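Trainee: Numbering (our numbering), first residue to last: 211 to 710. For every residue, glycine included, the Cβ atom is placed at its ideal position computed from N, Cα and C. No experiment lies behind these values; they were computed from the predicted model shown.
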Amino acid sequence: MTVPKFALYENTETALGKSRAEVVVIGTLQGEKAPVLAPGAEAVDAAFDGKLAGLLATLGASGKAEEIVKLPSLGKLGADVVLAVGLGKAVDGTVTPEQVRRAAGAAGRALAGTARALFVPSTLDLQAAVEGLALGAYKFTEYKSEPGDAPVSAVDFVQPAEGQSRAHKATLKAATAIAESVIIARDLINTPPNDLFPASFAERAKKLAEANDLEYEVLDEKALKRKGFGGILGVGGGSSRPPRLVRVSYKGPKAGKKVALVGKGITFDSGGISIKPAANMDNMTSDMSGAAAVLASVVLAAKLKYPLEVTAHIPLAENLPSGSSYRPGDVLSMYGGKTVEVLNTDAEGRLVLADAMVRAAEEDPDYLIETSTLTGAQVVALGNRTAGIMGSEEFRDRVAGIAQATGEGGWPMPLPEELRADLDSKLADLANVTGHRWGGMLAAGLFLREFVADGLPWAHIDIAGPAYNTGGAWGYTGKGGTGVPVRTIAAVLADIAANG
Ligand code: BES
Ligand code: MN
Ligand code: ZN
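So, in structure tokens, the structure goes:
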């Protein structure tokens with residue numbers, strides 16, 4: 211899916227006259243007892259003789275976050291419908307960008323079936339409004355014979371120029387590109403595993419690389435064998451659809467820092483011989499969310515022309531049980547020479563990631579960001595919406611701060627030294643699991659740390675919960691792939707471009 215067509219108007223009166231929108235979206239704030247109109251709705255209110263807030267209250271509106279109330283315009287406006295979306299409570303007279311993003315997302319969902327809408331809350335963060343609308347409007351209907359109401363196809367925004375119209379245009383362009391990249395990730399995640407397997411993911415990465423002028427390289431199973439990628443080959447051995455390692459690279463104008471991205475690309479995780487229980491195993495179609503996110507992030511870096519070098523390394527494998535599967539008890543010889551004793555074939559992500567991280571470090575990057583649906587323990591510790599962020603302390607904290615600022619969320623997590631010994635192996639350099647369940651997210655982080663080059667600032671973002679929404683839609687997040695942490699990575703790249 212693509213994003214709606216967006217346009218800017220400088221004031222509400224002109225927009226109401228010219229926009230040809232069927233629906234006018236206004237914002238409401240949660241007042242003491244009744245909803246309060248968010249700034250920008252004045253001209254709409256005037257058409258209702260100043261009675262709009264009262265009408266909404268009569269209809270039961272409160273202005274609470276994501277509330278949707280529609281009322282007919284009864285010929286008072288060019289548009290047939292006024293849609294009021296709740297922003298929630300303003301704090302000190304302001305709402306946060308994330309409140310705007312979620313409200314715009316709820317509006318985007320409610321606008322399905324509408325051709326054109328006009329969004330009038332004009333003092334709100336334009337970037338957040340555009341991102342929220344585009345992402346809220348997203349639907350994945352590739353596999354539906356009857357796709358239902360189409361997403362809204364055009365949205366006009368009111369944004370007073372005040373000498374800033376060039377900046378507003380740039381904001382609109384950036385927000386559109388960011389939403390498009392999140393959607394690239396969501397589409398990949400939502401594609402079922404019978405159609406998205408290592409070779410087909412690699413093909414889709416190739417198409418994106420070609421369309422965006424990126425360097426592309428793929429190692430097939432023969433090349434992986436020749437070069438000694440024992441982790442990827444071990445995990446991918448059980449499937450008739452062999453593994454791949456994809457490298458997609460962007461080099462910006464005046465490229466400054468070099469950033470390596472690594473994303474877990476298990477196109478389906480059955481657990482392998484250490485097979486998972488049947489319940490909810492279908493959710494493991496999302497076990498390539500990290501891969502989707504880093505691919506989408508390189509595309510975004512190119513679209514926004516960041517003055518950086520950004521390279522995604524994407525290990526792709528399908529974890530299945532069969533006569534050719536790797537076994538508990540096997541010792542894998544990883545890329546770079548370390549050996550790993552496999553005690554549980556369901557702890558496969560760290561094995562493919564380790565190979566890719568060692569490969570990534572060969573190019574001597576300034577930063578390494580790796581993201582993966584790595585552990586159920588992440589979901590136990592932090593829930594479905596908060597990623598666990600580990601790594602070298604300074605960079606970890608920087609990434610976590612940015613994750614929170616984007617609204618995607620994320621929390622810094624430790625790598626406790628005492629857990630490291632539990633990964634010691636009787637046979638090899640390292641075991642892939644500790645043999646107990648305590649601190650499972652952290653143990654996986656400690657495993658990965660063994661494969662990070664000395665002194666390289668790195669962040670590991672465990673997105674097992676946030677990558678895939680198995681509940682109902684909320685804010686700008688529908689069911690299925692969420693695209694987390696594309697916006698976080700984008701913001702980290704922007705921060706590195708600005709501050710080194
Ligand atoms: N892909 C799973 C982690 C996961 C679980 C992601 C739930 C999203 C939702 C991963 O490969 C896995 O199976 N991890 C094991 C590790 C264990 C064997 C040490 C887990 O978390 O149970
Ligand atoms: Mn697994
Ligand atoms: Zn997995």
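1. Taking the continuous beta strand (DSSP E) assigned at methionine 651, which residues delimit it?
2. Taking the alpha-carbon positions, what's the alanine 433 to threonine 616 distance?
3. Between arginine 174 and the rest of its own chain, which residues show a CB-CB distance below 8 Å, the 5 nearest in sequence each way excluded?
4. Per DSSP, methionine 600 forms a beta bridge with which residues?
5. For glutamine 614, name the three-state secondary structure that DSSP assigns.
6. From which residue to which residue does the beta strand (DSSP E) around glutamate 420 run?
7. Comparing C-alpha positions only, which one of Thr224, Gly448 and Ser332 sits nearest to leucine 247?
8. Which partner residues of isoleucine 476 appear in the DSSP bridge assignment?
9. Just curious, the beta strand (DSSP E) that glutamine 240 is in, first and last residue?
10. First and last residue of the beta strand (DSSP E) that includes glutamate 425?
11. Roughly how far, in whole angstroms, is the beta-carbon of isoleucine 673 from the beta-carbon of alanine 597, given that I think they are within contact range, below 8 Å?
12. Hey, is aspartate 479 close to the ligand ZN, as in C-beta under 7 Å from one of its heavy atoms?
13. Can you tell me whether valine 279 is helix, strand or coil according to DSSP?
14. Within 10 Å of its beta-carbon, does aspartate 497 have 16 or more other beta-carbons around it, so buried, or fewer, so exposed?
15. What do you reckon, are the CB atoms on isoleucine 394 and valine 520 nearer than 8 Å?
16. Taking 7 Å as the cut-off, is the beta-carbon of glycine 649 closer than that to any non-hydrogen atom of the ligand MN?
17. In chain order, which continuous runs of the alpha helix (DSSP H) of length 4 or greater are located wholly inside the segment 322 to 407?
18. With DSSP as the reference, label leucine 262 as helix, strand or coil.
19. Rounded to the nearest angstrom, what separates leucine 311 and alanine 338 at their Cα positions?
20. What's the C-alpha gap between tyrosine 353 and glutamate 425?
21. Straight-line CA distance for alanine 364 to glutamine 240?
22. By how many angstroms is the C-alpha of lysine 228 removed from the C-alpha of leucine 675?
23. For threonine 555 and lysine 349, I'd like the C-alpha separation in whole angstroms.
24. Ignore the nearest five residues each way along the sequence and tell me which others in glutamine 588's own chain have a CB closer than 7 Å to its CB.
25. Pull every residue with its beta-carbon under 5 Å away from any heavy atom of the ligand BES, and keep them in chain order.
26. Would you kindly work out how many angstroms separate the C-alpha atoms of aspartate 255 and alanine 377, rounded to a whole number?
27. Short of 7 Å in beta carbon distance, which residues of its chain neighbour glycine 303, apart from the five on each side in sequence? Order them along the chain.
28. Suppose the cutoff is 6 Å on Cβ atoms and the five residues either side in sequence are ignored; what does the same chain contact list for leucine 328 look like?
29. Measure the Cβ-Cβ separation of glycine 685 and alanine 316 and say whether it is below 8 Å.
30. Less than 8 Å between the C-beta atoms of leucine 518 and glycine 462, yes or no?
31. Could you pull the DSSP bridge partners for glycine 691 from this structure?
32. In its own chain, which residues sit with a C-beta less than 6 Å from the C-beta of aspartate 607, not counting the 5 before and 5 after it?
33. What did DSSP end up calling valine 552 once you bin it into helix, strand or coil?
34. Consult DSSP for serine 532 and reduce its assignment to one of helix, strand or coil.
35. DSSP beta-bridge partners for glutamate 627?
Mentor: Taking the structure as given:
1. That residue, methionine 651, is in no beta strand (DSSP E); its alpha helix (DSSP H) goes 650 to 659.
2. 39 Å
3. Limits of the chain in this structure are 211 at one end and 710 at the other, which puts residue 174 out of reach.
4. His670
5. helix
6. First-last for glutamate 420: 408 to 421, but that is the alpha helix (DSSP H), not the beta strand (DSSP E).
7. Ser332
8. Ala527
9. 233 to 240
10. 425 to 429
11. 5 Å
12. yes
13. strand
14. buried
15. no
16. no
17. 336 to 347 and 375 to 400
18. helix
19. For clarity, residue 311 is arginine in the given sequence; the question names leucine instead. Roughly 5 Å separates the two Cα atoms.
20. 31 Å
21. 28 Å
22. The question names leucine, yet the displayed sequence has glycine at residue 675. So the two alpha carbons sit approximately 44 Å from each other.
23. 34 Å
24. Gly598, Met651, Asp672, Ala674 and Gly675
25. Asp479, Asp497, Asn554, Asp556, Ala557, Gly559, Thr583, Thr585, Gly586, Val643 and Ala674
26. 29 Å
27. none
28. Ala225, Ser229, Ala231, Val234 and Asp366
29. yes
30. yes
31. Tyr678
32. Pro622
33. coil
34. coil
35. In the DSSP output, where bridge partners are listed per residue, glutamate 627 has none listed.
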